[in-house]
Amino acid sequence: MAKSMAAPKSKIRESVGDRIFVFAIYVILSLVLVVVLYPLIYIVSSSISSPAAVVSGKVWLWPVDLSFKGFQTILKTPLIMTGYGNSLFYMSVGTLISVIMTVMLAYPLSRKTFFGRNGILMIVMFTMLFGGGLIPTYLVVRELGMIDSRWALLIPNAIWVWQVIIARSFFQTTIPSELVEASEIDGCSDWRFLASVVIPLSKPILAVLVLMYAVGQWNAYFDALIYLKSDNLYPLQLVLRSIIIQNNSAGAMDISVQVQRAQLAELLKYALIVVATLPVLIIYPFVQRYFVQGMLVGSVKG
Amino acid sequence: MRSHWQLYLLVIPPLLFFIIFKYVPMANAVLAFKEYNVVKGIWGSPWVGLKYFRMFFDNPIFWTLIRNTLLLSFYQLLAGFPIPIVLALMLNEIGNGRFKRFVQMVTFAPYFISTVVMVSMIMLFMAPRLGFINVALQYFGFEPVNFLGEPGMFRSIYVWSDIWQTAGYAAVIYLAALAGIDPTLYEAAKVDGASRFQKIWHVDLPGILPTITIILILNVGNIMSVGFEKIYLLQNSLNLPTSEVIATYVYSMGLLNANYSFATAVGLLNSVINLILLVTVNSLAKRISNNSIW
Numbered sequence: 456m457a458k459s460m461a462a463p464k465s466k467i468r469e470s471v472g473d474r475i476f477v478f479a480i481y482v483i484l485s486l487v488l489v490v491v492l493y494p495l496i497y498i499v500s501s502s503i504s505s506p507a508a509v510v511s512g513k514v515w516l517w518p519v520d521l522s523f524k525g526f527q528t529i530l531k532t533p534l535i536m537t538g539y540g541n542s543l544f545y546m547s548v549g550t551l552i553s554v555i556m557t558v559m560l561a562y563p564l565s566r567k568t569f570f571g572r573n574g575i576l577m578i579v580m581f582t583m584l585f586g587g588g589l590i591p592t593y594l595v596v597r598e599l600g601m602i603d604s605r606w607a608l609l610i611p612n613a614i615w616v617w618q619v620i621i622a623r624s625f626f627q628t629t630i631p632s633e634l635v636e637a638s639e640i641d642g643c644s645d646w647r648f649l650a651s652v653v654i655p656l657s658k659p660i661l662a663v664l665v666l667m668y669a670v671g672q673w674n675a676y677f678d679a680l681i682y683l684k685s686d687n688l689y690p691l692q693l694v695l696r697s698i699i700i701q702n703n704s705a706g707a708m709d710i711s712v713q714v715q716r717a718q719l720a721e722l723l724k725y726a727l728i729v730v731a732t733l734p735v736l737i738i739y740p741f742v743q744r745y746f747v748q749g750m751l752v753g754s755v756k757g
Numbered sequence: 166m167r168s169h170w171q172l173y174l175l176v177i178p179p180l181l182f183f184i185i186f187k188y189v190p191m192a193n194a195v196l197a198f199k200e201y202n203v204v205k206g207i208w209g210s211p212w213v214g215l216k217y218f219r220m221f222f223d224n225p226i227f228w229t230l231i232r233n234t235l236l237l238s239f240y241q242l243l244a245g246f247p248i249p250i251v252l253a254l255m256l257n258e259i260g261n262g263r264f265k266r267f268v269q270m271v272t273f274a275p276y277f278i279s280t281v282v283m284v285s286m287i288m289l290f291m292a293p294r295l296g297f298i299n300v301a302l303q304y305f306g307f308e309p310v311n312f313l314g315e316p317g318m319f320r321s322i323y324v325w326s327d328i329w330q331t332a333g334y335a336a337v338i339y340l341a342a343l344a345g346i347d348p349t350l351y352e353a354a355k356v357d358g359a360s361r362f363q364k365i366w367h368v369d370l371p372g373i374l375p376t377i378t379i380i381l382i383l384n385v386g387n388i389m390s391v392g393f394e395k396i397y398l399l400q401n402s403l404n405l406p407t408s409e410v411i412a413t414y415v416y417s418m419g420l421l422n423a424n425y426s427f428a429t430a431v432g433l434l435n436s437v438i439n440l441i442l443l444v445t446v447n448s449l450a451k452r453i454s455n456n457s458i459w
């Protein structure tokens, strides 16, 4: 704290009131840090403590009796492993479909010579304001025969309007219209221009789209809840819900680990949270700027 | 001029997506005025006028649902809206050092936690016997509390866990707006001998007011659509008196009880109120401050 006080923003000596003010801000922000970090550390510490320590409330901050039993149990539970595989599948295939569809819509909408672009944009934006609702949408998906199939998680929510808006405004600002005109004179087709000029120039926005769709798909559970019936199609989030929130650990566990099941069941919950969240949280510091970028590109237009 | 048939071809699949998954459901919403018949389908089913709307208004649960939805939303708005602004203003005061970047990184992180994991954490921490909050309460000699079984606690649990999760994320927009404030204004404030607090009050806040207005419009526009996903997971038979909102009711009536027409009517009513709210707030903001989303 003292160090920060010694380096005020301006060279001019700050008044006592201002110093106290800044000091108070440091204290409050430190408290915020503790409040945000503590639950996260607690989860991780619990997940690598011994089952007995977790159940008896011995874990406060750091792991007690280091053990990896929770993770071993996860590896031995077919339901969880299937869920993990399913989630990886939904995330990769879903993201691919979503990004392609978003670019297919956003790029033409960014071209000034594209006749009817305002009309199409209106059609797309209006869906942000009003929707048919849960049941009417469900009936469409049922009509298409997608209930209890993997398609139900990949198609009905493939395009997010917000992503179209930020991709469109990126294309508008980064692809100069002179470039388009020059390519037309050279006889380059629109598709080739998109594939060999626009895409290579748009890596930052593609990163934003991929990351946002991927995280969204990895974290989603609602579509799976309403459209899927067979548990071999369940994404990890739904498996988590049944084990942690509905407390169905009995069915999820192998008979060979029934010894000390109650304790292990408790430990398993912490380990599961870590396993489901860690991939996202580990890449997050490296990709944070893309998310910030995505938010800001979109908000420029308001 | 050359024709751009290739561009039109590109747009067709995404447009089909919007027609099939957004506009057909809007048309399907006529179900609210019909008696759904599985054999005849939506369009063949007989008209029943406002029967299902009346059924909803006459149902004693109507006022409970409206009350629960509005109370939860307003609580969320009152507590959740100012905190990211305050967080951004505080971060803006401490320069661009390591500490600032670290706080920003840490507070942004919970945004990436899924709803299922978030609710799982709440349940583990607040578990009646093993949760660390109750372990701590007992340690200090208090009686353990079954937080999730108390109807009176539901709203606070929902709102404050949401703030924990999204305040850092929401602050990013305000931080960007703060970075865009004309530096000469700060010079002028300094010359005038303004204290840090006066500078925040007279330069920072007016500078980010347009952003604040727009975010407020968007939030008010969402008042009727409090997040189904999290409420549904937090719900149990004990906290139902405060946790049942319109969205969860539509789900249980429609998909669990297969009462399609009734659930569609309730959902439609909700969407229409939402749209009216958004349009009203937007035009109000336009008139008062010249900031609007369209």
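First to last, the protein sequences are chains H and Z. Numbering-wise, the first sequence is residues 456 to 757 according to this note's numbering. Numbering-wise, the second sequence is residues 166 to 459 according to this note's numbering. For each residue, glycine too, the CB sits at the ideal point set by N, CA and C.
Output yes or no for whether 9 Å exceeds the beta carbon distance between residue i and residue j.
i, j, result
"Y481(H)", "V596(H)", "no"
"W673(H)", "P734(H)", "yes"
"V670(H)", "I498(H)", "no"
"S454(Z)", "P371(Z)", "no"
"V491(H)", "F183(Z)", "no"
"S457(Z)", "I379(Z)", "yes"
"P178(Z)", "T592(H)", "no"
"V446(Z)", "A428(Z)", "no"
"L313(Z)", "I287(Z)", "yes"
"L664(H)", "T557(H)", "yes"
"Q718(H)", "V282(Z)", "no"
"S553(H)", "Y668(H)", "yes"
"L727(H)", "I535(H)", "yes"
"S326(Z)", "R696(H)", "no"
Nearest-angstrom Cα distance between residue i and residue j?
i, j, result
"S426(Z)", "G588(H)", "12 Å"
"N257(Z)", "F362(Z)", "12 Å"
"F581(H)", "Q527(H)", "49 Å"
"S644(H)", "V176(Z)", "16 Å"
"R605(H)", "M418(Z)", "25 Å"
"K364(Z)", "A341(Z)", "18 Å"
"M255(Z)", "V271(Z)", "15 Å"
"L383(Z)", "L443(Z)", "7 Å"
"N687(H)", "L405(Z)", "31 Å"
"Y173(Z)", "L564(H)", "10 Å"
"N476(Z)", "P655(H)", "Residue 476(Z) cannot be examined here, being either before or after the span of chain Z that is shown, 166 to 459."
"F227(Z)", "Y676(H)", "28 Å"
"G333(Z)", "L495(H)", "15 Å"
"V510(H)", "S402(Z)", "26 Å"
"S210(Z)", "V204(Z)", "9 Å"
"Q303(Z)", "N311(Z)", "13 Å"
Please classify residue i as buried or exposed, where buried requires at least 16 neighbouring CB atoms within 10 angstroms.
i, result
"I710(H)", "Residue placement at I710(H) is poorly supported in this model, since its pLDDT is 49, which falls under 50; the coordinates still yield a value, given next. The residue in question, I710(H), is exposed, as its Cβ has fewer than 16 Cβ neighbours within 10 Å."
"P249(Z)", "buried"
"M577(H)", "exposed"
"N424(Z)", "buried"
"R320(Z)", "buried"
"G525(H)", "buried"
"E352(Z)", "exposed"
"G571(H)", "exposed"
"M291(Z)", "buried"
"F305(Z)", "exposed"
"V694(H)", "buried"
"G574(H)", "exposed"
"Y562(H)", "buried"
"G432(Z)", "buried"
"Q701(H)", "exposed"
Ordered along the chain, which non-local residues of its own chain (more than five positions away) have a Cβ less than 8 Å from that of residue i?
i, result
"V714(H)", "Below a pLDDT of 50, predicted positions are generally treated as unreliable, and V714(H), at 47, falls in that range; no measurement from the model is reported."
"N439(Z)", "G386, N387, I388, M389, S390"
Beta-carbon within less than 7 Å of residue i's beta-carbon, same chain only, minus the 5 sequence neighbours each way: which residues are those?
i, result
"R744(H)", "none"
"F213(Z)", "The residue you asked about is not Phe; residue 213(Z) is Val in the sequence shown. Only F198, K199, E200 meet the Cβ criterion."
"W208(Z)", "none"
"Y217(Z)", "A197, S426, F427, A430"
Within its chain, find whatever has a CB closer than 6 Å to the CB of residue i; leave out the 5 residues flanking it on each side and keep chain order.
i, result
"L560(H)", "V619"
"I346(Z)", "G372"
"M583(H)", "V616"
"P518(H)", "S500, I503, S504"
"G549(H)", "L609, Q672"
"S485(H)", "none"
Per DSSP, which one or two residues make a beta bridge with residue i?
i, result
"W212(Z)", "K199(Z)"
Would you say the beta carbon of residue i comes nearer than 8 Å to a heavy atom of the ligand NAD?
i, result
"I322(Z)", "With respect to the ligand NAD, the structure shown offers nothing to examine, as it has no ligands at all."
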